[in-house]
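For the protein sequence lines, the chains are A, B and C, in the order given. Under our numbering, the first residue of the first sequence carries the number 569, and numbering increases by one thereafter. Under our numbering, the first residue of the second sequence carries the number 72, and numbering increases by one thereafter. Under our numbering, the first residue of the third sequence carries the number 116, and numbering increases by one thereafter. Beta carbons: idealized from backbone N, C-alpha and C, even for Gly. Have a look at the structure below, then the notes.
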Amino acid sequence: MDELIAKLKAQIIEELSLEDLSPEELEDDEPLFGEGLGLDSIDALSLVVVLDRDYGIQIEDPEQGKDILFSVKTIAEYITKNK
Amino acid sequence: MKTYIAGDNMITSLGFSTLENFSQMKEGITGIKKLKENNNRVYLKSCVSLVDVERLDTIFTDFADTSHYTLLERMAITSVRYAVEKTDLDLASPKTLFILSTTKGNIEFIGKRGQLNSENRLHLWHTGRVISSFFDNPNQPLVISNACISGLLAILTGHRLLTLGRFENIVVIGADLATEFVVAGFQSLKAMSKTICKPFDKHRSGLSLGEGCGTLLLTSNPNLAADEKIVVRGGASANDANHISGPSRNGEGLFNVIEQTLSSTSESGDHIDVISAHGTATVFNDDMESIALDRACLNSIPTNSLKGYIGHTLGAAGVLESIITIQAMRESLFPATKGLRTRGTVKKINVLKTNLRGPLNHSLKLAAGFGGCNAGILISKNETF
Amino acid sequence: MKRSEQRISRYCLIRNRKIVLNEKTLIEEEPGADLSTFLSSIYKTFRPEYSKFYKMDLLSKLGFLTADFLLDGDHVQNTYGANEVAILISNSQSSLETDNRFQQTIADRDAYYPNPALFVYTLPSILIGEISIKHQIKGESAFFISALPDFDFMHQYADTLFQTTPTKAVITGWIDLNINAEYEAALFLIENRKQMEKRKRSWTFAAGSFSDLFYERNLEKDELFHG
């Protein structure tokens, strides 16, 4: 799980071009959207592509997507459960 | 100095002339179809409005060699030829300027090798030159690529250049194709509807892409006016300065466009008879427009979206939809919003579910696009202001 | 209003790893690192932090940085209303550099993952949006495509905006980038002469001298308003 979280953090920073952020600064539980990291809808769609491309996980329902993409931890949990 | 219409034409899934398109819309017919996978032109499963290429080429072969021109170029050249058929407007005159509005031009050739795919073919300025030089026009064509407001900006720019006497005639061409490139792109944004789009509907779930070409001949010479009654009065563009892909939450830019269009033409909002909205049928766009119209106190004015007939035609949309609006003014019939069943936007606006009959003196045409851009133009009958 | 009422009050060029602001060379580097790295390092060194910068495509980064130097000091924001500033930009390559990147995400049927963050930037006018957001500019704007810089037209159209719209300042120029990341960027700020006299600008250029400034030809400036 820790390994997956570390990998996800690196991927999020790379894919979403968060160049001013280091993996250490990205908390496991921190909300990625809204008040937390402040990502936007395009970022959410980019994360959906990452999950599909690198983990074979498809998210069709946007409401479900909100819960899965809440934080790095929720993403990691969802991947572990659905692999 | 006034900006008259010397002629027009449109090529879409609904037909090859303004009249053919308009008569289909009057009947409530849509040209959007659900594609099967592996359609030759568009790879993905989606609802798209496509031009009948076979019919186009039957026409085109009569006057030029099909193999020398791309689909977009064949469509544009054919459209301009039809548009000038009944006028004396001289396309080869130095007083005539071509303005091409397109977002992606010949993008279908990207990454592909082929006879037509010289390096230049992907360049939009090259596309402009191919079209204007076909008609022996001596001027460098102007090419506008400004997302989904390109078409309205092209008309507005043409109008401004005429007003200041820079040219006597402007050939405004709006053209874009529903390529795999844009279909895949809009799908990646989850912006495409699985069904035929439903503008301003409570259950709308995204847009349907379309393609086509519209040609609008603008002239300051009253003798060339095909229809002396209808003129482009002016307009405006404005930026939301808010988000590059999400429409403004308070309709800021579009509201500014409406205000400035009215003030620059000294027209009152009370005089507007109809509004042809952008109405892409995405949740956010249609809500944004309802907010802007509400803020501008235009929420009771009969409004339509034409996207349910011919899809979202991107850089062609502003030109095609303006031509339909002009035809509506000629026929005193404003088409309903195809696809709309139950109105459902944040602010209540008067979106039409059925055709509206009656004289139309002043029509407002609006558009909005990525990059936070918004544009509007006012079209009026000549004797009414 | 006569044409001569408008003057170029500031300009910024980025070309050959060199940044020129109002005739002064700010930065000149040996060609080395790729353009993206060059622009990011310049941004980190010279400009206040703005995290959205890193999310932009290369064309937007280039134009955004040019505009950020041009508009440094916020005098445009402080002098004019948001609706009074227009942006007219042109180039020859549209957004082809990003189009090419997006195309690569759909080229392989077996690895078909169209990238939404790239697709958004497959329109050159997104650059105008990025500049508008940062500097809260909400006026007229347009993106034109021409084979070569057509400064005469840009000047003419800027003039049209001054005459027929609420526009009081125009940011205009050429921001071009091809698929090999060869680039050229120039933005000019055009303002009304009276406005500049009020601000006691020390010098300006005639609003027709884009080409001379762009090609870095020597030209005489007006030193009219010594304060």
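**Report entry** First through last residue of the alpha helix (DSSP H) which encompasses A/Gly633
**Finding:** Against the first sequence, residue 633 of chain A aligns to sequence position 65. Where A/Gly633 is concerned, the enclosing alpha helix (DSSP H) stretches over 630–636.
Query raised in the report: DSSP beta-bridge partners for C/Ile290?
Result: For the purposes of this step, residue 290 of chain C is taken as the residue at position 175 of the third sequence. DSSP output for C/Ile290 lists C/Ala300 as bridge partner(s).
**Report entry** Contact list for the region 219–238 of chain C against chain A, Cβ threshold 7 Å
**Finding:** Tyr228, Asn230, Pro231, Ala232, Val235
Query raised in the report: What residues are listed by DSSP as bridge partners for B/Val422?
Result: Locating residue 422 of chain B in the second sequence gives position 351, counting from the first residue. B/Thr374, per the DSSP bridge assignment.
Query - Where the alpha helix (DSSP H) containing B/Asn327 begins and where it ends - result: Locating residue 327 of chain B in the second sequence gives position 256, counting from the first residue. In the DSSP annotation of this structure, the continuous segment of the alpha helix (DSSP H) that includes B/Asn327 starts and ends at 323–335.
Query raised in the report: Three-state secondary structure (DSSP) at B/His433?
Result: Along the second sequence, read from residue 1 onward, the residue named residue 433 of chain B stands at position 362. Three-state DSSP puts B/His433 in a strand.
**Report entry** Beta-carbon contacts of C/Ser207 that lie in its chain and below 6 Å, excluding the five residues immediately before and after
**Finding:** Locating residue 207 of chain C in the third sequence gives position 92, counting from the first residue. For C/Ser207, where only same-chain residues beyond five positions count, the Cβ hits under 6 Å are Ala262, Asp291.
Query raised in the report: Buried or exposed: C/Leu177, going by 16 or more other Cβ atoms within 10 Å of its Cβ?
Result: As a first step, residue 177 of chain C must be located in the third sequence, where it is residue number 62. Buried, since its Cβ has 16 or more Cβ neighbours within 10 Å.
Requested in this report: Tell me, please, whether the CB atom of C/Ala322 is closer than 8 Å to any CB atom in chain B?
Outcome: Counting from one through the third sequence, the residue named residue 322 of chain C turns up at place 207. No, its Cβ sits nowhere closer than 8 Å to a Cβ of chain B.
Requested in this report: Leaving aside the five residues before and after C/Arg125 along the sequence, list all residues of the same chain whose C-beta is less than 6 Å from its C-beta, in chain order.
Outcome: Here residue 125 of chain C refers to the residue found at position 10 of the third sequence. So the qualifying residues of the chain are Asn137, Leu185, Leu304.
Query raised in the report: What span of residues does the beta strand (DSSP E) with B/Ser172 cover, start to end?
Result: For this step, residue 172 of chain B is matched to residue 101 along the second sequence. Per DSSP, the continuous beta strand (DSSP E) segment holding B/Ser172 begins and ends at 167–172.
Query raised in the report: Does C/Glu212 get closer than 8 Å to chain A when you measure Cβ to Cβ?
Result: Residue mapping note: residue 212 of chain C aligns to position 97 of the third sequence, counting from 1. No, because no Cβ of chain A sits closer than 8 Å to the Cβ of C/Glu212.
**Report entry** Expected contact under 8 Å - CB spacing of B/Cys444 and B/Ile220 to nearest Å
**Finding:** By 1-based counting over the second sequence, the position of residue 444 of chain B is 373. By 1-based counting over the second sequence, the position of residue 220 of chain B is 149. With a Cβ gap of about 5 Å, B/Cys444 and B/Ile220 count as contacting.
Query raised in the report: Would you report the Cα separation of C/Phe234 and B/Leu280, rounded to the nearest angstrom?
Result: In the third sequence, the residue the question calls residue 234 of chain C occupies position 119. In the second sequence, the residue the question calls residue 280 of chain B occupies position 209. Whole-angstrom Cα-Cα distance: 15 Å.
Query - Cross-strand partners of B/Ala246 (DSSP beta bridge) - result: Counted from its first residue, the second sequence places residue 246 of chain B at position 175. Partner(s): B/Cys284.
Query raised in the report: Taking C/Asp172 as the reference, which of C/Asn295, C/Leu242, C/Arg130 has the closest Cα?
Result: Here residue 172 of chain C is taken as the residue at index 57 of the third sequence, counted from 1. Minimum Cα distance to C/Asp172 is reached at C/Leu242.
Report task. Would you give the residue range spanned by the alpha helix (DSSP H) that B/Ile450 belongs to? Result -> Residue numbering aside, residue 450 of chain B sits at position 379 when the second sequence is read from its first letter. Segment 444–452 is the beta strand (DSSP E) holding B/Ile450; no alpha helix (DSSP H) there.
Requested in this report: Starting from C/Gln251, follow its DSSP beta bridges and name the residues at the other end.
Outcome: Against the third sequence, residue 251 of chain C aligns to sequence position 136. C/Gln251 is not bridged to any residue.
Query raised in the report: If we call anything under 8 Å between Cβ atoms a contact, is A/Asn650 one with A/Ile627?
Result: For the purposes of this step, residue 650 of chain A is taken as the residue at position 82 of the first sequence. For the purposes of this step, residue 627 of chain A is taken as the residue at position 59 of the first sequence. Not in contact: A/Asn650 and A/Ile627 (Cβ atoms no closer than 8 Å).
Query raised in the report: In chain order, what residues of the region 156–189 of chain C put their CB closer than 8 Å to some CB of chain B?
Result: Answer set for the region 156–189 of chain C: empty.
Query - For C/Leu302, the nearest candidate out of C/Asn131, C/Glu120, C/Val135, C/Ile294 (CA to CA) - result: For the purposes of this step, residue 302 of chain C is taken as the residue at position 187 of the third sequence. Answer by Cα proximity: C/Val135.
Requested in this report: Would you list, in chain order, the members of the region 311–343 of chain B that have their beta-carbon closer than 9 Å to a beta-carbon of chain A?
Outcome: His314, Ile315, Ser316, Gly317
Query raised in the report: Hey, how far is the Cα of B/Ile267 from the Cα of B/Gly379?
Result: The residue labelled residue 267 of chain B in the question sits at position 196 within the second sequence. The residue labelled residue 379 of chain B in the question sits at position 308 within the second sequence. Each residue's alpha carbon lies about 7 Å from the other.
Query raised in the report: With a Cβ-Cβ cutoff of 8 Å, do B/Ile381 and B/Leu227 count as a contact?
Result: By one-based count along the second sequence, residue 381 of chain B stands at place 310. By one-based count along the second sequence, residue 227 of chain B stands at place 156. Not in contact: B/Ile381 and B/Leu227 (Cβ atoms no closer than 8 Å).
Query - 8 Å Cβ cutoff, C/Pro281 in contact with chain B - result: The count along the third sequence starts at 1 and reaches residue 281 of chain C at position 166. Output row for C/Pro281: interface = yes.
Query raised in the report: For the region 156–199 of chain C, which segments carrying the beta strand (DSSP E) assignment without a break, of at least 3 residues, lie completely within its bounds, in sequence order?
Result: none
Query raised in the report: Beta carbon of B/Thr74, beta carbon of B/Ser291: below 8 Å?
Result: Position 3 of the second sequence, counted from the start, is the residue given in the question as residue 74 of chain B. Position 220 of the second sequence, counted from the start, is the residue given in the question as residue 291 of chain B. For B/Thr74 and B/Ser291, yes; Cβs fall inside 8 Å.
Report task. Classify B/Glu98 as helix, strand or coil using the three-state DSSP reduction. Result -> The residue labelled residue 98 of chain B in the question sits at position 27 within the second sequence. Of the three classes helix, strand and coil, the one that applies to B/Glu98 here is coil, per DSSP.
Requested in this report: Give the single residue among C/Leu154, C/Arg308, C/Gly188 whose Cα lies nearest to the Cα of C/Ser175.
Outcome: Stepping through the third sequence from its first residue, residue 175 of chain C is reached at position 60. For the residues C/Leu154, C/Arg308, C/Gly188, the minimum Cα distance to C/Ser175 belongs to C/Leu154.
Requested in this report: Could you give the DSSP three-state label for A/Ile643: helix, strand or coil?
Outcome: Here the question's residue 643 of chain A lines up with position 75 in the first sequence. Note: A/Ile643 maps to helix in three-state DSSP.
Query raised in the report: Ends of the beta strand (DSSP E) at C/Gln121?
Result: As a working mapping, residue 121 of chain C is identified with position 6 in the third sequence. Looking at the DSSP string, the run of the beta strand (DSSP E) that includes C/Gln121 is 121–130.
Requested in this report: Quick one: using the 10 Å Cβ neighbour count with 16 as the cut-off for buried, is B/Met72 buried or exposed?
Outcome: Within the second sequence, residue 72 of chain B is the residue found at index 1, counting from 1. That one is exposed.
Query raised in the report: Of the residues B/Arg412, B/Gly102, B/Asn432, B/Gly176, which one's Cα is nearest the Cα of B/Leu404?
Result: For the purposes of this step, residue 404 of chain B is taken as the residue at position 333 of the second sequence. That would be B/Asn432, whose Cα lies nearest to the Cα of B/Leu404.
Query raised in the report: Do B/Ser88 and B/Ile103 have their C-beta atoms closer together than 8 Å?
Result: As a position in the second sequence, residue 88 of chain B is number 17, starting the count at 1. As a position in the second sequence, residue 103 of chain B is number 32, starting the count at 1. Taking 8 Å as the Cβ cut-off, B/Ser88 and B/Ile103 do not qualify as a contacting pair.
Query raised in the report: Looking at chain A, which residues of the region 243–271 of chain B have a Cβ within less than 9 Å of any of its Cβ atoms?
Result: Ser259, Leu260, Lys261
Query raised in the report: Is B/Thr132 buried or exposed, if buried means 16 or more other CB atoms sit within 10 Å of its CB?
Result: Start at 1 with the first residue of the second sequence, and residue 132 of chain B comes out as number 61. B/Thr132 is exposed by the Cβ-count criterion.
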